[in-house]
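Take a look at the structure below.
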Amino acid sequence: MLIKRTHGWELPERQATSESTYLARRTLVKAMGLGALAAGVPGLALAEDPSAKLYPAKKNDTYGMPTPMTAEKLATTYNNFYEFDDGKNLWRLAQKLPVRPWTVKVSGMVEKPFEIDIDSLLAKMPLEERVYRHRCVETWSMIVPWSGFAMKSLVEFCKPASGAKYVVMTTLSNPSVMPGQKDVIYPWPYVEGLAMDEAMNDLTFIATGLYGKPMPKQNGAPLRLVAPWKYGFKNVKSIVSIAFTDKRPVSFWEKLNDNEYGFWANVNPQVPHPRWSQATEKPLGSSDRIPTQIYNGYGEFVAGLYEGRKAEKLFM
Ligand code: MTE
């Protein structure tokens, strides 16, 4: 995010999948039981993914059905995943990420620390699909259908102690497959955190799938955070550790530059980034800019979280 690059998202509108096309394809795929073969996206050999049969999950439209849906091809080929590269075109490189076996370690202020493999976790969690807006701090945005489960279900499963105030999530460390982790400029591993009440908010989601299929590696397989009212960098990918603590963690970008990337990082069009305006955004695949909304349009669900936190730097 610190480096100015050519904007790969400036692609013609015709490359976008309309929502009706996506929905029609989704219905057909489900009817045929061919989720694993229906990729049509770069990279992932979905047929090999043991969780493929879990998708598409049942839709939950409680938090809205924003439109227009971003083309699957754009959302899976224009990515931020600095462990692989600091550019956007990293989806090929990301195919090296080994996503099975995959273990998530739960530690810190919990009743009892434990480890669980991703497929056992998936079997325990109530999977659903939610269509959310995503707003990157760099000012591009997208609307995509995530599959996964409410983070609240995961927190409850972890049985945190009553004194726990924050949840800290960490990405896999594996410089042999993630060449970006050899770059000593960055404070690896990628760490992000939420306050407990944010993690327990109904909107907060752990995504394990995208477009009705298992999560593509470049989008953070096999599990990543989705907190859609915050700037995209909060949405830590490929999580291997979930720790509960009473101390506020310092997240990856905050460590690098706390003047530009804070802990709360809630979307607000009226609070500019020190180097650019946040007033508007460019949806992937569109040539037009559109106004950015406070809390990325999710204020009705989350504004209350910040009533008692007005003294904090909530929007950066
Ligand atoms: N997680 C890790 N581990 N590494 C990253 O570089 N980038 C963040 C976030 N999560 C990032 C990450 C940023 S800046 C954004 S905008 C989103 O992932 C992008 O998610 P996407 O590639 O699925 O669109």
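Each residue of the sequence shown is one higher than the last, beginning at 875 in the numbering used here.
No residue lacks a Cβ here, since even glycine has one placed at the ideal position from N, Cα and C.
Just so we're clear, the structure is a prediction, and the values are computed from it rather than from any experiment.
C-alpha gap between residue 917 and residue 1065, whole angstroms: For the purposes of this step, residue 917 is taken as residue 43 along the sequence shown, with counting starting at 1. For the purposes of this step, residue 1065 is taken as residue 191 along the sequence shown, with counting starting at 1. Caution is warranted here: a pLDDT of 45 is assigned to residue 917, below 50, making its placement in the model unreliable, and the coordinate value is therefore given only provisionally. Separation of residue 917 and residue 1065 (C-alpha to C-alpha, rounded to the nearest whole angstrom) is 26 Å.
Anticipated Cβ contact below 8 Å, residue 1073 with residue 1104, distance rounded: What you label residue 1073 is simply residue 199 of the sequence shown in a count that begins at 1. What you label residue 1104 is simply residue 230 of the sequence shown in a count that begins at 1. The pair is not a contact, with the Cβ atoms about 12 Å apart (cut-off 8 Å).
DSSP beta-bridge partners of residue 1156: If you number the sequence shown from 1, residue 1156 lands on position 282. Partner(s): 1014.
Assigned secondary structure, residue 1071 (DSSP; H/G/I helix, E/B strand, else coil): Taking the sequence shown and counting its residues from 1, one reaches residue 1071 at position 197. In the structure shown, residue 1071 falls within a helical segment according to DSSP collapsed to helix, strand and coil.
At least three beta-carbon pairs within less than 8 Å, the region 1114-1121 to the region 1153-1161: When C-beta atoms of the region 1114-1121 are compared with those of the region 1153-1161, fewer than three pairs fall below 8 Å, so the two segments do not count as touching.
Any non-hydrogen atom of ligand 1 within 7 Å of residue 1032 CB: Taking the first residue of the sequence shown as 1, we reach residue 1032 at position 158. Short note on residue 1032: C-beta not closer than 7 Å to any heavy atom of ligand 1.
Residue range of the unbroken beta strand (DSSP E) whose run includes residue 1002: Mapped onto the sequence shown, residue 1002 falls at position 128. Where residue 1002 is concerned, the enclosing beta strand (DSSP E) stretches over 1002-1009.
DSSP bridge partner residues for residue 981 (one or two, in chain order): Position 107 of the sequence shown, counted from the start, is the residue given in the question as residue 981. Residue 981 is bridged to 1117.
Ligand 1 heavy atom lying under 7 Å from the CB of residue 1112: For the purposes of this step, residue 1112 is taken as residue 238 along the sequence shown, with counting starting at 1. Yes, the beta carbon of residue 1112 sits closer than 7 Å to at least one heavy atom of ligand 1.
Segment limits, beta strand (DSSP E) that includes residue 1042: Here the question's residue 1042 lines up with position 168 in the sequence shown. Residue 1042: member of the beta strand (DSSP E) spanning 1040-1045, first to last residue.
Straight-line Cα distance separating residue 1070 from residue 975: Locating residue 975 in the sequence shown gives position 101, where the first residue counts as 1. Locating residue 1070 in the sequence shown gives position 196, where the first residue counts as 1. Per the coordinates, the alpha-carbon of residue 975 lies some 29 Å from the alpha-carbon of residue 1070.
Ligand 1 heavy atom lying under 7 Å from the CB of residue 1022: Within the sequence shown, the letter at position 148 stands for residue 1022. Shortest gap from the CB of residue 1022 to any heavy atom of ligand 1: 7 Å or more.
Three-way DSSP call (helix, strand, coil) for residue 961 in this model: For the purposes of this step, residue 961 is identified with residue 87 of the sequence shown, where counting begins at 1. DSSP, reduced to helix, strand and coil, places residue 961 outside both helices and strands of the structure shown, so it counts as coil.
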